[in-house]
Amino acid sequence: MIFGVSPEKETALRARMQRLGIREAEIEEHFVRSGGKGGQNVNKTATCVYLKHRPTGLEVKCQESRSQAINRFLARRILTDLKDKHHQSLKKELRHGVRRDDF
502 MIFGVSPEKE
512 TALRARMQRL
522 GIREAEIEEH
532 FVRSGGKGGQ
542 NVNKTATCVY
552 LKHRPTGLEV
562 KCQESRSQAI
572 NRFLARRILT
582 DLKDKHHQSL
592 KKELRHGVRR
602 DDF
């Protein structure tokens with residue numbers, strides 16, 4: 502993967518994805534046109550990144566940067582944050598014996 506960030510950041514992201522069990526093959530990735538600030542570049546090019554993690558159904562849309570490569574990196578970082586929160590909430594439910602089905 503080439504994201505246009507430092508090799509250290511890319512390595513850290515890959516390690517975190519591996520630790521959380523997120524594989525690239527499980528990620529559905531689409532590029533769409535951004536809107537808002539960024540001028541002609543974001544309006545003409547598909548810099549916005551949409552990711553969906555198929556096993557969990559988690560979805561992320563990122564258009565923070567004018568660069569598609571940076572947005573790909575940021576979207577994956579956001580996805581790992583969401584997966585981590587999802588994992589923590591499942592652990593908490595198991596610890597307390599509460600399930601979502603009970604509500």
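Mapping of the sequence shown onto the working numbering: residues 502 to 604, in sequence order.
Note that the Cβ used here is the ideal one computed from N, Cα and C, for glycine as well.
- May I have the straight-line CA-CA distance separating R577 from P556, to the nearest angstrom? 15 Å
- Are there 16 or more other CB atoms within 10 angstroms of the CB of F604, so buried, or fewer, so exposed? Reliability fails at F604, whose pLDDT of 49 lies under 50, so the model's placement of it is uncertain and no value is given.
- Who pairs with F532 in a beta bridge, going by DSSP? V550
- Query: Looking only at DSSP bridge pairs, what is V506 linked to?
  - Reply: Paired residue(s): none; V506 is not in a bridge.
- For my contact list, H554 and I523 are in at a C-beta cut-off of 8 Å; report their separation, rounded to the angstrom. 6 Å
- Message: By DSSP's criteria, K562 is part of a beta bridge. Which residues make up the other side?
- Response: Y551
- Message: I need the DSSP call for S568, collapsed to helix, strand or coil.
- Response: coil
- Task: Reducing DSSP to helix, strand and coil, say where T581 ends up.
- Result: helix
- Message: Rounding to the nearest angstrom, what Cα-Cα distance links L559 and Q541 in this structure?
- Response: 30 Å
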